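Residue numbers (our numbering): 4 to 392.
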Amino acid sequence: MIQKALILIILLFCLGGCQNDNRKQTVKKERPPLTVEAIIVHKEPVPIWLEYTGKTQATKRVEIRARVAGTLEKVLFTEGDHVRQGQNLFAIEQTAYRAALDQALAGRELNRASLQLARADVARYLPLVAEDLAPRATLEQYQAKVAELQAKIKADEAAIREAKLNLSYTEITAPIAGVISRSYVDVGNIVGYGEKTLLTTIVADDPMYAYFNPPEEQFQIMRRYKSKDVLDARVRIPATRSLIKRGPYKGHIDFGDNKVDRMTGTISMRAVVENPKHDLLEGTFVYIDVFVSDKVPFFMIPPGAILEDQQGSFVYTVDKSNTTKRVNIKRGFEGRLYVQITSGLTDDAQIIISGLAKIKPGIKVAAKDMTAEKGVMALMKKQQMTSAE
Numbered sequence: 004m005i006q007k008a009l010i011l012i013i014l015l016f017c018l019g020g021c022q023n024d025n026r027k028q029t030v031k032k033e034r035p036p037l038t039v040e041a042i043i044v045h046k047e048p049v050p051i052w053l054e055y056t057g058k059t060q061a062t063k064r065v066e067i068r069a070r071v072a073g074t075l076e077k078v079l080f081t082e083g084d085h086v087r088q089g090q091n092l093f094a095i096e097q098t099a100y101r102a103a104l105d106q107a108l109a110g111r112e113l114n115r116a117s118l119q120l121a122r123a124d125v126a127r128y129l130p131l132v133a134e135d136l137a138p139r140a141t142l143e144q145y146q147a148k149v150a151e152l153q154a155k156i157k158a159d160e161a162a163i164r165e166a167k168l169n170l171s172y173t174e175i176t177a178p179i180a181g182v183i184s185r186s187y188v189d190v191g192n193i194v195g196y197g198e199k200t201l202l203t204t205i206v207a208d209d210p211m212y213a214y215f216n217p218p219e220e221q222f223q224i225m226r227r228y229k230s231k232d233v234l235d236a237r238v239r240i241p242a243t244r245s246l247i248k249r250g251p252y253k254g255h256i257d258f259g260d261n262k263v264d265r266m267t268g269t270i271s272m273r274a275v276v277e278n279p280k281h282d283l284l285e286g287t288f289v290y291i292d293v294f295v296s297d298k299v300p301f302f303m304i305p306p307g308a309i310l311e312d313q314q315g316s317f318v319y320t321v322d323k324s325n326t327t328k329r330v331n332i333k334r335g336f337e338g339r340l341y342v343q344i345t346s347g348l349t350d351d352a353q354i355i356i357s358g359l360a361k362i363k364p365g366i367k368v369a370a371k372d373m374t375a376e377k378g379v380m381a382l383m384k385k386q387q388m389t390s391a392e
């Protein structure tokens, strides 16, 4: 009897343990799936903006130098100000140059009077020589004198032009519109002796250049996919470098070099942008956005959705049974908000964009569709709205 009782107790204990294990398994199976954010991708035309960093440079830079010698009498501009083309900048002492002009004018008048007398002598001797009443040699002397004086008058006129030119050089004006530097020479100093003294510089800042160096592969992408002969561009100043919002500055690409830099594998390019407020300064570090096209369909996904390991780039997708799957992809060109996917994706693929550290292939998830808020097109619209503010 005692043995039967012991056996019955052991059977009841084992049965209770099995029931507990079953309950634990049931609880484990009933754990809710991981909630993740996902976007649905399609092969569709997306505005392609390629972003680069670069520096601004003035479209024109002019050195203002003294072209005649003399004492600097006046500085007629505010240093660092914007000057207009033709504006007076400096005045050099004019006394010597006015005297030279007056002397050249007087010399011409003297020779004109002598020429008039010589012509009268020729006119008087012509009939006398014809009647053999005067020697021909005398007539020829007067004719030679006329020719000599005509040549002297031409030399006088050249001297007058030179004197006027030198006098004009004493009033130095701005050859271009732009921002002027400081005066490198103080009033009272002698300039222009032995060399053309540098007085100041002017840089033209509207429009402004922005130089950058894209990789050769992206240069070829621009050429292949561009929707217009002239690529649109805009220049932005990083928010961390400016306390006051400036830009974006609109323009276009006006130069691409004809060779690849062997050291860097890049090509020099240039954007020219409007700068009507003159607040984009030369030498500023900037972002250059180049618009390529919005006509060609691509698969585009946010950069944050892509993972990397020894096998390469991949994303996690969600199938119709809400199960995750690893999909290997190949990357194409990249922008700040997107990466082009050249292989691996299909239309209507659901890409996980959040909680990627917790994801592994074959697990159940609850995917929340965030395409309207965090898809590539949505991100681009937000950027456009931010840029327009």
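Positions of the beta carbon are idealized from the N, C-alpha and C atoms, including for glycine.
Quick caveat: nothing in here was measured; it's all calculated off a predicted structure.
Could you say which of the options lies nearest to residue i if we only look at CA atoms?
{"i": "Phe93", "options": "Asn114, Asp84 and Thr203", "result": "Thr203"}
{"i": "Gly347", "options": "Arg70, Gly250, Ala133 and Ser316", "result": "Ser316"}
{"i": "Asp264", "options": "Leu234, Asp232, Glu219 and Ile224", "result": "Glu219"}
{"i": "Tyr145", "options": "Leu382, Asn216 and Leu120", "result": "Leu120"}
Residue i: buried (16+ other C-beta within 10 angstroms of its C-beta) or exposed?
{"i": "Leu237", "result": "Note on residue identity: the sequence assigns Arg, not Leu, to residue 237. So Arg237 ends up on the buried side."}
{"i": "Gly268", "result": "exposed"}
{"i": "Gly195", "result": "buried"}
{"i": "Phe258", "result": "exposed"}
{"i": "Val318", "result": "buried"}
{"i": "Ala274", "result": "buried"}
{"i": "Val276", "result": "buried"}
{"i": "Ser331", "result": "The question names Ser, but residue 331 is Asn in the sequence shown. Exposed, because fewer than 16 other Cβ atoms sit within 10 Å of the Cβ of Asn331."}
{"i": "Val30", "result": "Residue placement at Val30 is poorly supported in this model, since its pLDDT is 49, which falls under 50; the coordinates are not used for a value here."}
{"i": "Val190", "result": "exposed"}
{"i": "Pro241", "result": "exposed"}
{"i": "Pro50", "result": "buried"}
Does DSSP put residue i in a helix, a strand or coil?
{"i": "Phe222", "result": "helix"}
{"i": "Val30", "result": "In this predicted model, Val30 has a pLDDT of only 49, less than 50, meaning its place in the structure is not dependable enough to derive any value."}
{"i": "Val293", "result": "strand"}
{"i": "Gln168", "result": "A small fix is needed here, since residue 168 is Leu in this sequence, not Gln. Three-state result, Leu168: helix."}
{"i": "Arg303", "result": "Looking at the sequence itself, residue 303 is Met, so the reference to Arg does not match. DSSP places Met303 in strand when its eight states are reduced to three."}
{"i": "Ala180", "result": "coil"}
{"i": "Val331", "result": "The question names Val, but residue 331 is Asn in the sequence shown. Note: Asn331 maps to strand in three-state DSSP."}
{"i": "Gln106", "result": "helix"}
{"i": "Tyr128", "result": "helix"}
Looking at residue i: is its Cβ nearer than 9 angstroms to the Cβ of residue j?
{"i": "Glu82", "j": "Glu96", "result": "no"}
{"i": "Arg64", "j": "Ile205", "result": "yes"}
{"i": "Glu47", "j": "Phe336", "result": "no"}
{"i": "Asp292", "j": "Glu54", "result": "yes"}
{"i": "Thr56", "j": "Met211", "result": "no"}
{"i": "Val379", "j": "Met303", "result": "yes"}
{"i": "Val295", "j": "Val368", "result": "no"}
{"i": "Ile43", "j": "Ala352", "result": "yes"}
{"i": "His281", "j": "Val342", "result": "no"}
{"i": "Arg111", "j": "Glu160", "result": "yes"}
{"i": "Thr38", "j": "Gly358", "result": "yes"}
{"i": "Val149", "j": "Arg122", "result": "yes"}
Using a beta-carbon distance below 9 angstroms, is residue i in contact with chain B?
{"i": "Val263", "result": "Of the protein chains in the structure, only one exists, and it is not chain B."}
Inter-stretch contact (C-beta, 8 angstroms, three-pair minimum) for the segment 83–91 and the segment 225–236: No: the two stretches stay apart, fewer than three of their Cβ pairs being nearer than 8 angstroms.
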